[in-house]
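Residue 145 in UniProt numbering sits at position 145 of the sequence shown, with consecutive numbering throughout.
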Amino acid sequence: MRTAQVTGQEGDLGVELNTTSYFTLVYGYFGCTVQITTTLCFGAHNVIQAISAENHDTKKKKKKEKKGQKEGEGERERRKERKKEKKEGKKERKGREEKNKERRKEGRKEGRKEGRSKRKEMKKKIKERKREKKGSEREKNPAVTICLIFYSSFSVVEVLLVSLFLLTGMVEQPCHRDAPALVMSWSHQSRQPPASGTSPGDVVAVLQQLMYA
1 MRTAQVTGQE
11 GDLGVELNTT
21 SYFTLVYGYF
31 GCTVQITTTL
41 CFGAHNVIQA
51 ISAENHDTKK
61 KKKKEKKGQK
71 EGEGERERRK
81 ERKKEKKEGK
91 KERKGREEKN
101 KERRKEGRKE
111 GRKEGRSKRK
121 EMKKKIKERK
131 REKKGSEREK
141 NPAVTICLIF
151 YSSFSVVEVL
161 LVSLFLLTGM
171 VEQPCHRDAP
181 ALVMSWSHQS
191 RQPPASGTSP
201 GDVVAVLQQL
211 MYA
């Protein structure tokens, strides 16, 4: 065993302490403190549990006493009657639910049949309408449609021509013999860019001079 020699400052007395005994003392001190704390904690826990159990028991006893008082006043008969009413109500509900299920099934079947018949009728009506439309289209005169198409296409051209005649004054005054040639020359000249300072009125005046010179 190892030993440690310790000398005091005041005297020359030498004290030898065993290292193992020193560690045992320290370990024993901490061990005692741990044991004391654990015992205290467990003791407090046990005390709390005992108190709560006593409170629970007292509550149960009070409830039993109250039940006994109520039962003494005829509460048992009332409970039995309530249980019977509940059972009867459950049976009635089950019977109603079964009847409702059967009615729903029958209603679904009838609804499906009615829906099928209505669909068939609607399909027949649609087919008849389509046949009527086709017959009416065949009965129409194709010549009338062609004339309408040509009229609609040529109406724009006619409006433009009338507007040109009104602008140039060809409707009011008779045309010159050489009017086509003059118009061609004027159209050839009009392709060239106009001089600066010209206006649309000047162009119309020149056209009238060329047409009715």
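Just so you know, even glycine gets a beta-carbon here, dropped at the ideal spot from N, CA and C.
Here the alpha carbon of Lys130 sits roughly 14 Å from the alpha carbon of Glu121. Here the alpha carbons of Glu75 and Arg82 stand approximately 11 Å from one another. Rounded to whole angstroms, Glu110 and Lys125 show a C-alpha spacing of 23 Å. Exclusion of the five residues before and after Arg104 leaves no residue of its chain whose Cβ lies closer than 7 Å to its Cβ. Setting aside the 5 residues that flank it on each side, Thr58 has no residue in the same chain whose C-beta is closer than 8 Å to its C-beta.
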